[in-house]
Amino acid sequence: MIEFKNVSKVYPNGTAGLKNVNFKINKGDFVVIVGLSGAGKSTLLRSINRLHEITEGEIIIGDKSITAARGKALLRARRDIGMIFQNFNLVKRSSVIRNVLSGRVGYHSTIRTIFGLFPKRDVELALDALDRVNIKEKAYSRADELSGGQQQRVSIARALAQEAKVILADEPVASLDPLTTRQVMDDLRRINKELGITTVVNLHFIDLARDYATRIIGIRAGEIVFDGPVEEATDSV
Ligand code: ADP
Ligand code: ADP
13 MIEFKNVSKV
23 YPNGTAGLKN
33 VNFKINKGDF
43 VVIVGLSGAG
53 KSTLLRSINR
63 LHEITEGEII
73 IGDKSITAAR
83 GKALLRARRD
93 IGMIFQNFNL
103 VKRSSVIRNV
113 LSGRVGYHST
123 IRTIFGLFPK
133 RDVELALDAL
143 DRVNIKEKAY
153 SRADELSGGQ
163 QQRVSIARAL
173 AQEAKVILAD
183 EPVASLDPLT
193 TRQVMDDLRR
203 INKELGITTV
213 VNLHFIDLAR
223 DYATRIIGIR
233 AGEIVFDGPV
243 EEATDSV
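Counting from 13, one number per residue, gives the positions in the sequence shown under the numbering used here.
As structure tokens, this is what we get:
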């Protein structure tokens with residue numbers, strides 16, 4: 013589903029973000045990328061949907077190279093990828109439902125979405141998505157009235173409304189308390205199981221990774237230092 017072939021990324025200032033990274037993630041996997049701060053987790057995740065360009069190598073999603081994609085092909089590829097960030101990336105003053113509907117933007121002409129004119133089916137999809145993460149009753153609240161955990165569930169719902177085939181979550185629980193952390197990780201794992209959405213989550217705690225991952229990829233200084241089943245991952249990953 014996601015393949016890295018000899019991928020390297022050097023930032024303009026000369027910092028090596030990724031060094032010759034190779035792996036293959038299968039459809040339906042729940043992969044956790046583990047590494048300390050600065051190890052290259054964000055760099056890796058951001059390379060997948062081309063939030064930035066890699067310096068060398070190729071990234072394949074499904075059966076297509078995203079590295080070579082241009083124009084409409086790139087937009088279509090990105091539509092399949094839902095992103096979840098540490099800081100939720102919601103439009104704070106907007107309603108929850110509008111935030112979730114923003115996941116539908118790529119399916120319509122720009123003019124329609126500027127005016128917030130979404131078809132009824134989209135609204136139903138958005139409400140279903142909110143229902144799946146148990147916050148449908150917050151649909152018409154303002155996003156910034158919600159707790160951190162609830163806001164992160166809204167961003168998961170946005171990825172679901174987007175009908176993403178892949179979810180990439182960059183430190184999704186780093187700003188949440190321990191209980192909420194579990195709830196958000198539970199939601200991500202449940203959705204992965206129920207809908208078969210391939211999920212890649214960046215975490216800096218190996219313990220949390222162990223409880224949720226089907227597979228762990230360890231990264232250190234831009235290099236893969238472990239790739240395998242959870243049982244084989246040691247604390248030094
Ligand atoms: P993380 O939680 O991944 O460690 P950081 O706080 O390192 O995040 O990075 C926050 C932002 O700053 C990101 O957009 C990242 O690309 C950028 N950044 C991180 N390190 C550097 C650096 N050495 N030089 C320039 N920008 C950086
Ligand atoms: P992680 O997500 O594991 O914390 P990052 O991918 O953010 O790690 O960072 C990997 C390395 O790349 C670090 O050395 C970081 O300082 C550097 N880096 C990240 N973003 C930038 C940037 N925009 N410019 C320069 N260096 C960066």
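The beta carbon of each residue, even a glycine, is placed where N, CA and C say it ideally should be.
Pull up the distance between the alpha-carbon of A151 and that of V166, whole angstroms please.
9 Å
| Beta carbon of I255 nearer than 8 Å to that of L172 | Only positions 13 to 249 of the chain appear in the structure, and residue 255 is not among them; the question remains open.
Sequence-distant residues of its chain with Cβ nearer than 6 Å to G94 (five each side left out):
A171, Q174, A176, I179
*asked:* If contacts are defined as beta-carbon pairs under 8 Å, then Q163 and A169 qualify, I think. What distance do you get, rounded to the angstrom?
replied: Going by Cβ atoms, the distance from Q163 to A169 rounds to 10 Å, so no, they are not a contact pair.
> What is the C-beta distance between A51 and A233, in whole angstroms, given that I count them as a contact (C-beta under 8 Å)?
Replying inline: 7 Å
Worksheet item: Of the choices A245, K205, I231, N61, whose alpha-carbon is the least far from that of D219?
Response: A245
For K36, is the beta carbon positioned less than 7 Å from some heavy atom of ligand 2? no
Does the distance from the CB of S54 to the CB of K21 come in under 8 Å? no
Does the region 222-237 come into contact with the region 15-33, if we say contact requires no fewer than three beta-carbon pairs (one atom in each stretch) closer than 8 Å? yes
| field | Inter-residue Cα distance where the pair is N99 and L215 | value | 14 Å
Please classify A181 as buried or exposed, where buried requires at least 16 other C-beta atoms within 10 Å of its C-beta. buried
For K84 and I96, the rounded distance between their alpha carbons
23 Å
### Message
Whole angstroms are fine: how far does the CA of V44 sit from the CA of V213?
### Response
5 Å
Requested in this report: Using three-state DSSP, classify R82 as helix, strand or coil.
Outcome: coil
Check: First and last residue of the beta strand (DSSP E) that includes I72?
Finding: 68-73
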